[in-house]
Structures are given as structure tokens and as C-alpha cells.
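Let me begin by presenting the structure, written as C-alpha cells, before commenting on it.
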């Protein structure tokens, strides 16, 4: 079945796509990955950022407030979404964020160059000419040490999803009403996935169960634009890399690693992959073996010679934040030789007292980030007390060896999304204090919907009381006043907001 099947694609003006923040597009995160590969990227607090297909600016608004010395430009074709975004920009008084309604093909070179360019959820859903124009624009506008994040659906993993997409389009082609078309598309897709999961359990069961759940939980806008879009093109990675090369760009790495690292495959596949010298071919093999469905590829200028193995020196310059749901050194787990964690990549076994202690201290401080020297200074006394240092803690050389080992182990876990690395962590605190405070973007979001963006740029679902509390955290209300106004549960709500990274440090006053 061809993608030319006439399905009367819903307009983004008629059914706006929800504006979310995506942590893996954060300029600090992109800068970390560029730094680890030998580039000298601009810091997040002094950079220029362009987002193509920005929608209502939901991804840029929190960044523009957090980094007032940086400048941000968002471009989208939807008049409705740009108008909504401009309204919020005005409400928040963000002079460093411009949202522009324009066709990507008409932009030319008028916008200048950018340190970071984001094109998330765009490339697979636009016509062929627009795809070429997008990559050409990135090639012209990317700064010498800049990084672009381009996401797209990818083969071979998209094949099974593609069958469902075609069924949804075919089934709803005769339906004119947008709402009815979305409802019927959702219904037939869930029916199909459930049926295939039963009848082909061994082959496609888990995949169809996951897709059934994804479709059930997706908003109408996501169904309309992700599955019923008139234009859709999934890429083989080699095809994407070739198009990027035509625009003077090369593959850097992935914003979300997933399984796209040799260490995340079994020994047999890893041995085979290490024999493939060409990084593009190596990545394409990974897609075959990992059945990759979606990629978040980072691009840089083609003239750079990249370091594909990050040195300890570069890693040690960063800060590390825990992202675990389990304290791997909890009292009830200490007698266990290892602790298994479930990550976005799969299961990982955490072994060794030094690493488990480091993760435990990070767990207790989440979402704060520590530099490696501080973390090691916290862990070392406990290692010496228990004798778990292996005698290395007695000498300067031994301690240096322990630091290197800890940095390398935590870097491995970074690529499995167990920890997060930062160049310049956000000004978060775990202390509620007498007059707790968050940012104006977070307060505005709390009044508009069920979700808000944390100070670490993470999209967070909030319950009604948490939203009510968050909306009032401008620093003028004491905790006692919040309790008197909102009743029981305020303390629990504040604890949740602190743990989720919504509370500003006291020394961040100049940011508001």
C-alpha cells in the first residue's frame, strides 16, 4: 500500500500537537555528548538554539527562562500553535525567545547560525522536498562546533508499526470528520494489535501489546499526526546518514542511546560489531540486530575528526545525577552480591561496593548533580571504614585509580540512562524551605494542564493538588500559608515537587 492513500490529514491548526519538553533535546545534554566526542560546544547558558517544527514552543519556553543570556528561535508552519506560543512568551516576558510562523523551505539564511538545532518529530512527517530543505538548512545554519538533534522513524523496527499505520489510514479514508476519524483509527488499531498479539504471540505478541498500550494512551493529536499523517517516511540509518553527508554533516552519536552502543549487545553481536570500522555501517548493523524503530540522531559538521571513545579526563569534568528508582545499597540489599536494575536499554547488574555506594548517595540526593570529586569525597570514608577500598585508599595513586574506575563505571551507566551527566547542572534544591519557589514557566504550566516541566527539563505528570501547590510557588507564600489555603497533603505535594526537580535554590534569585 502506498503512502499516497488519500486520508485527508488533519491540520495542525485544527488539532494542535501537544507541546512537551524533551530532556534529550536540552542543550546541556547535547553539549555533554559533543564534549565527550572531542568537540568544544557552546555552554547552555551562552548559546543560540533553533527548533524546527517547534509547535507552540513547549520545548523552548522552559529553556528560554532558564538561560536568559542564551537566545532561542522556534519555527513552525501552524499559525494556531505559533500564536499560542507567542501569547505565552508575552505572559512570561521572555525577550530571548522568538517564535516564527514560516515554511522551512522559505527560511533561507536570514536566521544566522546556531550552536544547537533541534528537529524532533519532524523529518519523517514532511514531504520529500521539505526533508531535503530541513537537512540543507541545518547544514547552513549549524555553528562550527554546533550539534543538531534530528529524530525520525527508522527501519527495520518501524515495519510492524507501519502495517498498523496503513490499516488506520485505509480504514478511516472514507471518514470526513477529524474527531470521528481519530476515534475509528484508534479503535481499529487496538483491535488489530490485540488480535495479532493473541494469534502470533511468539512472533509479535510483546510488540503488539506495547503498541496497543501506546495507542490507547496517546492523545487524539498524536493519533492524527503520527499515524494518520498524509506524509510519512521511515529511514534506514544508512540512508539518513547519506542525506546528512550531502549537507556537509556527519553522524555524531544518539541523543538517547537505547541499544545503540556495542556494550549493550551480547558478546557474539558485540564481537561482530567491533570488526566494522565504518561507524555508519556499524550503526546500521545495530539497527538490524536491535530492531530499531525510532532514532534521535546527533549531527555535527563533517570536517571534525571525532573521538569515538571518551577519555576519563573529559568525563571527570562533568557532574553526575542519579536517575534510579532503587537504592542499590539499601540495608536489605547489602548482603546481595549484585542488584538488578531495569533501564530503558534493558536489565543491568550493579556490582561492587564502590559503585553501589556511589549510586546510593546519588539516589539520596536525586535530582541534584554532584561533581565527581565531591562524590568520591563522600564515598571514600565509607569504603575505608568497611575495607571495601581494596587497600587503594591508603595512597594518592590508589585513590586516583579508584576515581578513574568510578568515573568509567558511572559513564557506562550514563549510556544506559541510569545516571545523567551535566556540564552545568540546573539550580535545583531538595530543601523546601520556608518560602519555596519554582520558575514562572512551571507556575504557568501548572494552571494550564496536567503536566509541567521540571527545572531539569523533564516532562512531569502532576495530580490536582501538586498543580495547585506548584502554581503558588513564587516565593511569596510560606509553607504554613499554603497549608492553611490548600489543606492536608501540601507537605506531601512539596516533597514530590522537590524530588521531581521543581524547587529553585535560594541563590537562584536573579533568574526570576
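Residue numbers (my numbering): 17 to 528. Ideal Cβ placement from N, Cα and C applies to all residues, glycine included.
| Query | Result |
| --- | --- |
| Backbone CA spacing between residue 411 and residue 520 [nearest angstrom] | 39 Å |
| Close-in-space but distant-in-sequence residues of the same chain around residue 197 (CB under 6 Å, 5 per side omitted) | 188 and 191 |
| Beta-carbon proximity check, residue 438 vs residue 44, cutoff 8 Å | yes |
| Cα-Cα separation, residue 380 to residue 343 | 8 Å |
| Neighbour-count burial assignment, residue 10, 16 or more Cβ in a 10 Å radius | Residue 10 falls outside the range modelled here, since the chain spans only 17 to 528, and no answer is possible. |
| Three CB pairs or more closer than 8 Å across the stretch 431-451 and the stretch 382-393 | yes |
| Inter-residue Cα distance where the pair is residue 372 and residue 331 | 19 Å |
| 3-residue-minimum beta strand (DSSP E) runs that sit fully inside the stretch 394-474, ordered along the chain | 435-438 and 467-469 |
| DSSP-derived helix/strand/coil call for residue 517 | coil |
| Residue span of the alpha helix (DSSP H) that contains residue 378, given as start and end | 369-381 |
| Beta-carbon proximity of residue 37 to residue 312, cut-off 8 Å | no |
| Residue 277 and residue 160 closer than 8 Å at C-beta | no |
| Residue burial classification, residue 325 (beta-carbon count within 10 angstroms, cutoff 16) | exposed |
| Buried or exposed (CB count within 10 angstroms, at least 16 for buried), residue 452 | buried |
| Assigned exposure category for residue 72 - 16 Cβ within 10 Å defines buried | buried |
| Candidates 415, 106, 374 and 516, of which the one nearest residue 447 by Cα | 516 |
| Residue 355: first and last residue of the uninterrupted beta strand (DSSP E) it sits in | 354-359 |
| Best match in 357, 251 and 408 for proximity to residue 144 [C-alpha to C-alpha] | 251 |
| Rounded Cβ spacing between residue 359 and residue 422 (contact assumed at less than 8 Å) | In fact, because the Cβ distance is near 19 Å, the residues do not count as touching under 8 Å. |
| Coarse secondary structure for residue 18, derived from DSSP in three states | Residue confidence is low: residue 18 scores 43 on pLDDT, short of 50, so the model does not pin down where it sits. Its coordinate-derived value is still stated next. Residue 18: coil per DSSP, three-state reduction. |
| Start-end ranges of the alpha helix (DSSP H) lying completely within the stretch 154-216, minimum 4 residues | 174-188 and 194-215 |
| Contact under 8 Å by Cβ, residue 164 with residue 259 | no |
| 7 Å Cβ shell around residue 127 - same chain, five flanking residues per side excluded | 66, 89 and 157 |
| Whole runs of the beta strand (DSSP E) within the stretch 254-312, excluding any shorter than 3 residues | 265-270 |
| Check whether residue 472 and residue 39 have beta carbons under 8 Å apart | yes |
| Beta bridge counterpart(s) of residue 116 as assigned by DSSP | 91 |
| Endpoints, beta strand (DSSP E) assigned at residue 338 | 335-338 |
| Counted within 10 angstroms of its Cβ, other Cβ atoms place residue 508 as buried (16 or more) or exposed | exposed |
| At least three beta-carbon pairs within less than 8 Å, the stretch 68-84 to the stretch 451-466 | yes |
| Residue 385 (DSSP reduced to helix, strand or coil) | strand |
| Cβ shell of residue 107 (< 7 Å), same chain only, five flanking positions each side left out | 460 |
| Simplified DSSP state of residue 365, which is helix, strand or coil | strand |
| Residues near residue 407 in its chain [Cβ-Cβ closer than 8 Å; skip 5 each side] | 414 |
| Host beta strand (DSSP E) of residue 135 (start-end) | 130-135 |
| Cβ pair residue 172, residue 61 closer than 8 Å | no |
| Residue 283, buried or exposed, once every other Cβ within 10 Å from all chains shown has been counted against 16 | exposed |
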